[in-house]
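Here is the structure we will look at, set down as structure tokens.
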């Protein structure tokens with residue numbers, strides 16, 4: 050990895066740089082593509098399509114290189130994972146590989162992670178922080194209570210480090226200095242962030258935050274779900290935390306040696322602080338305003354609050370009281386795309402301005418019928434109100450890569466578009482960091498149906514629902530089956546369904562209990578016919594009707610039909 054000393058943060062200069070870049074977004078895009086192609090001119094993938102050092106024009110590039118998904122790039126990336134150091138997708142061997150959730154293949158996918166992506170990450174963090182700090186200035190000695198957790202990297206058989214995108218960022222030597230440069234050092238010791246036990250890490254994050262409570266300037270987690278989960282956990286453990294602070298001795302629940310040593314260095318007997326926290330907690334009404342009560346100098350709460358995180362905003366507002374909720378920036382495992390430069394907007398109204406030099410961006414119009422695919426348009430050619438799928442070309446070897454995200458153009462910041470995330474194009478099930486598509490659901494149902502077929506019974510039809518009315522949220526699968534069978538058989542099927550979702554985000558969330566046990570609900574015969582009749586009554590064509598494979602909370606009528614016809618329920622024990 051490249052180690053680079055991060056310059057002293059200058060808010061006004063960072064904002065001025067973005068203003069200049071956004072005013073010249075079209076020219077910046079041309080130059081960015083030229084830089085990417087020049088840096089990776091020796092890549093075998095580009096050479097296969099006739100790209101050479103003289104190819105710098107965007108139109109020539111698009112004429113030669115096709116639109117692709119992860120499926121087309123998988124063989125190339127697999128060679129890199131296997132240790133092939135030749136210039137496959139990039140001019141130089143990649144220092145690490147990011148592990149992302151699977152999409153239609155129902156399995157995780159590998160994504161190249163490079164030094165340029167790390168620098169892009171820090172650039173975006175600096176840009177977003179500059180605009181936040183202009184609106185919500187923080188103190189020079191400020192800290193951030195950051196609920197961040199780094200899983201372990203592993204080394205592939207080819208000798209390449211592999212980890213989640215966040216793990217690759219947190220373990221990068223530039224991360225800590227980058228955070229310090231924008232006045233956001235974590236309250237928690239590194240040992241907590243890299244703890245192998247997420248439950249112990251969460252407890253220590255909360256304890257660390259309270260120990261530095263007067264310095265905490267903002268509270269952060271990648272996702273709103275993580276923030277809500279953290280403070281729901283605090284409701285359960287606050288008295289234990291108070292005891293730790295009063296006595297200056299860490300609870301026995303923390304057993305990871307490195308974490309115990311690091312946290313013990315922070316603890317000293319402090320009965321005054323303990324009494325204060327106890328009084329604060331007892332004075333709250335149903336925990337409303339918990340965050341500002343614990344952290345009196347906090348200016349805002351920060352995290353991804355759009356898309357699948359929107360259901361958690363209401364509860365987060367309850368904890369935050371009058372503190373502003375600021376939406377985190379827009380990106381993916383493949384790379385960052387846009388920054389929140391209007392941080393005072395509520396999560397429901399949040400938009401993100403594309404940073405023109407993070408990659409070369411195209412936008413594929415999303416049609417309602419999806420019968421034909423239109424040609425993608427450039428960054429400055431998008432139309433307000435139109436929905437597009439994002440297509441990226443970046444420094445890490447992704448060329449005209451269809452990201453799978455659908456965004457809506459809300460307006461422009463100078464010449465760069467401001468967009469709102471709408472959904473994953475093929476995503477239907479998501480609670481936390483999990484990402485499961487209709488194909489993933491199909492594979493899970495097929496796996497469980499094989500167990501049912503041993504009893505000479507078949508699945509007639511099925512659908513699903515994400516239930517976030519419980520804590521933690523969980524998947525619900527509705528089944529209509531052709532006959533009756535023993536409860537033990539259906540319990541086996543329920544476990545098979547749960548194990549059938551092999552997305553990395555889902556499996557890790559189930560193991561650490563941030564997603565609850567999958568629920569199988571068997572419905573009466575004829576239930577799905579009632580669902581079809583409902584849609585036909587609304588004017589749908591019988592010849593074109595497709596059973597909804599995921600019922601959203603907004604589709605209350607269909608959910609009501611399914612729930613009113615449930616005859617038996619089972620909860621998975623697959624991860625017990």
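In the working numbering, the protein residues as written are 50 to 625.
The beta-carbon is built from N, C-alpha and C at its ideal position, and this holds for glycine as well.
Residue 202 sits in coil when the DSSP states are folded into three classes, being neither helix nor strand. Fully contained in the segment 362-425 are the following beta strand (DSSP E) runs of length 3 or more, in chain order: 374-376, 379-381, 384-388, 401-403, 409-414. In the structure shown, residue 282 adopts helical secondary structure according to DSSP, grouped into three states. Within the same chain, 100, 101, 102, 140 come within 8 angstroms of residue 90 by CB-CB distance, once the 5 residues on both sides are set aside. Note on the segment 522-573: whole alpha helix (DSSP H) runs with a minimum of 4 residues are 536-549, 553-560, in chain order. Distance between residue 135 and residue 196, taken at the CA atoms: about 38 angstroms. Here residue 571 is buried, its C-beta having at least 16 other C-beta atoms within 10 Å.
Only residues of its own chain outside the window of five on either side were considered, and among them none has a CB closer than 7 angstroms to the CB of residue 112. Residue burial is scored here from C-beta neighbours: residue 606 has fewer than 16 other C-beta atoms within 10 angstroms and is therefore classed as exposed.
For residue 257, the enclosing alpha helix (DSSP H) stretches over residues 247-260. Judged by their CB atoms, residue 119 and residue 450 are nearer to each other than the 9 angstroms cut-off. Taking a 10 Å sphere around the C-beta of residue 596, we find fewer than 16 other C-beta atoms and assign the residue as exposed. When secondary structure is reduced to three states using DSSP, residue 520 falls in the coil class, being assigned neither helix nor strand. Here residue 612 carries a helix assignment [DSSP, helix/strand/coil]. Remark: C-beta atoms of residue 130 and residue 159 approach each other more closely than 9 angstroms. Residue burial annotation: residue 328 is exposed, with fewer than 16 other C-beta atoms found within 10 angstroms of its C-beta. Counting only runs of 3+ residues, the beta strand (DSSP E) found wholly inside the segment 292-373 occupies 349-353, in chain order. One alpha carbon belongs to residue 109, the other to residue 86, and they sit about 12 angstroms apart. Exposure of residue 331 is indicated by the presence of fewer than 16 other C-beta atoms within 10 angstroms of its C-beta. Look at the beta carbons and you see the segment 298-313 not touching the segment 349-368: under three pairs across the two are nearer than 8 angstroms.
Note on geometry: alpha-carbon atoms of residue 388 and residue 229 lie some 19 angstroms from one another.
Contact annotation: the segment 270-279 touches the segment 480-490, with at least three C-beta pairs closer than 8 angstroms. When C-alpha distances from residue 608 are compared across 622, 584, 248, the shortest belongs to 584.
When rounded, the separation of the alpha-carbon atoms in residue 64 and residue 472 is 29 angstroms. Going by DSSP, residue 107 is part of no beta strand (DSSP E) but of the alpha helix (DSSP H) stretching over 107-113. Beta-bridge partners assigned by DSSP to residue 274: none are found. Closest by C-alpha distance to residue 604, out of 224, 256, 514, is 514. When rounded, the separation of the alpha-carbon atoms in residue 402 and residue 313 is 43 angstroms. In the DSSP annotation of this structure, residue 450 is not part of any alpha helix (DSSP H); the continuous beta strand (DSSP E) holding it starts and ends at 450-462. Residue 441 places its beta carbon less than 9 angstroms from that of residue 386.
Residue state for residue 195 is assigned as strand, using DSSP reduced to three classes. Here residue 525 really is in contact with residue 568; their C-beta atoms are around 5 angstroms apart, less than 8 angstroms.
If you draw a straight line from the Cα of residue 469 to the Cα of residue 77, it is about 22 angstroms long. Taking the Cα positions, residue 148 is about 7 angstroms away from residue 211.
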